[in-house]
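Residue numbers (my numbering): 5 to 295. A virtual CB, placed ideally from N, CA and C, is assigned to each residue, including glycine. Please read these numbers as outputs of a predicted model, since none were measured by experiment. Okay, structure first, notes after.
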Amino acid sequence: MANIKEIRNKIISITNTKKITKAMEMVAISKMRKTEERMRLGRPYSRILKNVIHHALQGSLEYKHSYLENRKNKCVGIIIVSTDRGLCGSLNTNLFKKVLFQIQSLEKNNISCQLILFGLKSLSVFKLYGNSIISTMCNIGENPDLSKLIGHIKIFLEKYQDKEIDKIFIAYNKFYNKMSQHPIVAQLLPLSSEENTSFTKKIKWDYLYEPESKLILDTLFDRYIESQVYQSILENIASEQAARMIAMKTATDNSNNCIKELQLVYNKIRQSNITQELTEIIAGSSALSEN
């Protein structure tokens, strides 16, 4: 049976760990409220811009942008959004599994992959797999700066326009609620019109543009891609804080259970030692009385 001193030290150690996990849980709750609010504020702009794009694609555009071209896939670009820190459960693991499965499926069809990585955890994983990493950005923080992200995004957009890349995906964790975050791999380019029953493709129509369709659509498409990437990063940051809150709460609960179990063992050993000491005293007293 374990030494009573060892058990006491274990209880003290787990108690100290519990204090840390509880503090981290409270910090995650505070950050999650801010990141969730920032993420929800960004959704309307991203959604409306997406609706405008798909509304325009329902018509017959006179100006055919390269973002609308469907090509034979020879090379695919994937933007992977992960966290910079750990201690957030299986959030990154589930995302990486989904991305690696897609990369393996593409490579089986002789389609190469190029990666842009946001977050330190994605860099530590994908640099081991020998994939072509075009650009990386770490230490994004809870309030990412879009101006710093645009440079990385433009690398893929230029490669797509030069036909070095035929498709672009973005992989991130989508925030549904505090208890639910799921990995998503969504296609960014080429743009495709979603099914919409309010429009009919039998009628050919287009917008009237001022000053010209090329300038407006080029700007609109670029803003759309930037907004989708930025919103995906906000979704991932909110998911990170929610997942960390859950992970730290689970760790705190597990610490409480361990302390209770160790306390029971400690009391049993202590009671056993007291009983043994009493038995020895009684036996010694009986021996002295006989003498």
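- The DSSP-derived three-state label of Q118 is strand.
- Looking at the DSSP output, M141 bridges to F122.
- When the five nearest sequence neighbours on each side are left out, the beta carbons in the same chain lying within less than 8 Å of the beta carbon of K102 are those of A175, P187, V189, in order along the chain.
- Each residue's CA atom was taken as its position, placing E168 and I52 some 30 Å apart.
- Within the region 171–241, the complete beta strand (DSSP E) segments of 3 residues or longer fall at 171–181, 184–193, listed in chain order.
- By the criterion of a C-beta distance shorter than 8 Å, N113 is surrounded in its chain by N77, once the five residues flanking it on both sides are discounted.
- For I159, the uninterrupted alpha helix (DSSP H) run begins and ends at 150–165, by DSSP.
- Under DSSP, S136 shares a beta bridge with Q118.
- Of the residues assessed, T87 falls on the buried side of the cut-off, its CB having 16 or more other CB atoms within 10 angstroms.
- The C-alpha of S139 is placed about 26 Å away from the C-alpha of Q185.
- Counting along the chain, the unbroken beta strand (DSSP E) around I82 starts and ends at 79–85.
- Counted as a single uninterrupted DSSP element, the stretch harbouring I169 is not any alpha helix (DSSP H), since DSSP gives it neither H nor E.
- For K68, the secondary structure class from DSSP, reduced to helix, strand or coil, is coil.
- Residue range 8–61 is occupied by the alpha helix (DSSP H) that includes K9.
- Contact between M43 and L238 holds, since their C-beta atoms are separated by about 4 Å, short of 8 Å.
- Residue environment for D170: buried (at least 16 other C-beta atoms within 10 angstroms of its C-beta).
- In its chain, beyond the 5 residues on either side, D88, G123, L124, L127 have a beta carbon closer than 7 Å to the beta carbon of C142.
- Taking a C-beta distance under 7 Å as the contact criterion, G81 and Q108 do not qualify as a contact pair.
- For R274, the secondary structure class from DSSP, reduced to helix, strand or coil, is helix.
- If you draw a straight line from the Cα of S293 to the Cα of E284, it is about 14 Å long.
- L268 is classed as exposed because its beta carbon has fewer than 16 other beta carbons within 10 Å across all chains shown.
- Shown here for I57: same chain residues with a beta carbon closer than 6 Å to its own, the five before and five after excluded, namely Y228 in chain order.
- If you check the CB distance, V31 and N240 do not come in under 7 Å.
- For K112, the enclosing alpha helix (DSSP H) has its first and last residue at 95–112.
- Setting aside the 5 residues that flank it on each side, N74 is surrounded in the same chain by P194, each with a C-beta closer than 6 Å to its C-beta; the list follows chain order.
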